[in-house]
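First up is the structure itself, then whatever we jot down about it.
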Amino acid sequence: MSHPVVEFTSQSSWDLIEDKFTPFGKETLAKLVQFFKDEILPAQRLAHEQIPKDLELRWKTVVPVIEELKVKARKLGLWNLFLSKAHYPKYGVPLSNLEYAVMAEILGRGGHMASEALNCAAPDTGNMEVLARYGTPEQQKQWLEPLLDGKIRSAFAMTERFVASSDAKNIKTSIRREGNEIVINGHKWWISGAGDPRTKLHLVMGKSDPDNADSYRQQSVVIVPADAPGVKVIRPMEVFGYDDAPEGHCEVIYDNVRVPLSNLVLGWGRGFEIIQGRLGPGRIHHCMRSIGCASVALDLMIQRVTDPNRKTFGKFLYQHGTVISEIAQSRADIEAARLLVLSAAVQIDKHMAKGALKEIGIAKFVVPSMACTVVDRAMQAFGAEGLSQDQPLASAYAQLRTLRFADGPDAVHLQQIGQRELKRAPELHRRAAELKEKEKAVWEKAGMKARL
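Sequential numbering from 235 applies to the sequence shown in this note's numbering.
Here it is as structure tokens:
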């Protein structure tokens, strides 16, 4: 019998990875699929409607149906699934990154609320990984454990206004020591989670040693309580008109904020090390959720073009050749992207994020772009309705387009992968010269003069 996940992915991809799943992984995945079908999908529209339209109230509201789903999910053991016990023995669950990657694709079909219902939503996931990997016992007790329990939420503050933050070395936020305190001054924006009324801490990256000759040792990360004096949430940023309340992506000013020296994470000058450890697995989770989102768009497209009530120019929509080819291309794009991300997840399991930078980087610029294209094709099939609030496609497109900037713009990852490939040039030239010598010997043995 096939696994229930095949209903939402594909038999071929499952056949490829089934033997890499533990019995616990298979059982958890099956429970997740059932919970998604029975509880999350039916609650999607309600969750959206329970966010008030009032501009003030929507930033003070905890969505009731999501809180109800959290209780049910936790009773089923569908909780903190992103945190692998292999890497975090004290706090993790016995799932590999590969196993969770498949689960993330399912959750991606349900939007942000699906991940939140299982306490697997960004930016909390990355922040929990930071605290689990780099936090002191005291930091873990005060901040990590409430996050793991779902009692609080968090924000991650890295990107800055008026600065080209795609190069994180440009970050200007000042983090300096004054006696037994750390003082933070800076102007951030696009800070995920900063608008949520449950957010109790910000992980802030800033420059603590601007004169260090090693530009990758100039930055540090510090824990800032959300209610600390001087933390000012200025406004929520909008993406194509969407504000993503109540979590939001906010503009935040840190004005002479003071925190204890014990709020420093890992050590002075360790900021780049922390964010690289944080972003690796998170990028793969984003990618798998994006594949789930693209799959929903393709499903909606197929339903639309086979609607018996819709004809154009005397034909059903599916009878037009362009529509058929776009459906086929979307399916091919999704299947290829899934295999790419599963491969990256395997590399993270084997070598941690640092040993999978190539695979993570390729997935990061390939998958969100692919998903945007698939959603765009579906929007075209729906006509003007595809752009409206009556379908989830416009919102999905806005979120996916954001991912082409989040966790590093496409251009940065393209540059890094290209530079990595160029490093192979000396070895390729050496092989070519070696082959030429061998070819020459073969020609001479045949009594012929080799042509250059």
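Every residue, glycine too, gets a C-beta built ideally from N, C-alpha and C.
Residue 246 beta carbon near the ligand PLP (any heavy atom closer than 7 angstroms)
Among the components modelled here there is no ligand, and therefore nothing to report on the ligand PLP.
Cβ-Cβ separation, residue 476 to residue 632 (assumed contact under 8 angstroms), whole Å:
5 angstroms
Taking contact to mean at least 3 C-beta pairs separated by less than 8 angstroms, is the stretch 278-289 in contact with the stretch 319-339? no
key: Segment limits, alpha helix (DSSP H) that includes residue 394   = Unbroken run through residue 394: none, as it is neither H nor E.
Throw me the rounded Cβ distance for the residue 651 and residue 592 pair, which I believe falls under 8 angstroms. 7 angstroms
According to DSSP, which residues form a beta bridge with residue 600?
None; residue 600 has no bridge partner.
inquiry  = Let's test the definition: count the other Cβ atoms within 10 Å of the Cβ of residue 273 and tell me whether it reaches 16, buried, or not, exposed.
reply    = buried
Note the first and the last residue of the continuous beta strand (DSSP E) segment covering residue 342. No beta strand (DSSP E) contains residue 342, which is instead part of the alpha helix (DSSP H) from 331-342.
Runs of 4 residues minimum, wholly inside the stretch 266-322: which ones carry the alpha helix (DSSP H) assignment? 275-283 and 298-309
Quiz item: If we ignore side chains and look at the alpha-carbon of each, how far apart do residue 483 and residue 390 end up?
Solution: 10 angstroms
Quick check on the burial criterion: 16 or more other C-beta atoms within 10 angstroms. Buried or exposed for residue 602? buried
| request: Starting from the C-beta of residue 265, find all residues in its chain whose C-beta is less than 8 angstroms away, skip the five residues before and the five after it, and write them out in chain order. | output: 310, 311 and 312
In chain order, which alpha helix (DSSP H) runs of at least 4 residues are fully inside the stretch 443-487?
-> none
message = Which residue marks the beginning of the alpha helix (DSSP H) containing residue 438, and which one marks its end?
response = Per DSSP, residue 438 belongs to no alpha helix (DSSP H); it is in the beta strand (DSSP E), 433-441.
Problem - Integer Cβ distance of residue 499 from residue 420, believed to fall under 8 angstroms - result: Their Cβ separation, rounded to whole angstroms, is 16 angstroms, which puts residue 499 and residue 420 out of contact at 8 angstroms.
#### Entry: Cβ pair residue 366, residue 322 closer than 8 angstroms
yes
C-beta atoms of residue 247 and residue 572 nearer than 8 angstroms: yes
For residue 498, does the three-state DSSP call read helix, strand or coil?
-> strand
Same chain, Cβ closer than 6 angstroms to residue 270, neighbours up to 5 away in sequence not counted
340
Based on Cα-Cα distance, which residue from 384, 558, 559 and 515 lies nearest to residue 587?
515
- Every unbroken alpha helix (DSSP H) within the stretch 519-552, with a cutoff of 4 residues, ordered by chain: none
Nonlocal neighbours in the same chain, by C-beta distance under 8 angstroms from residue 239, ignoring five residues either side = 248, 263, 264, 267, 336 and 340
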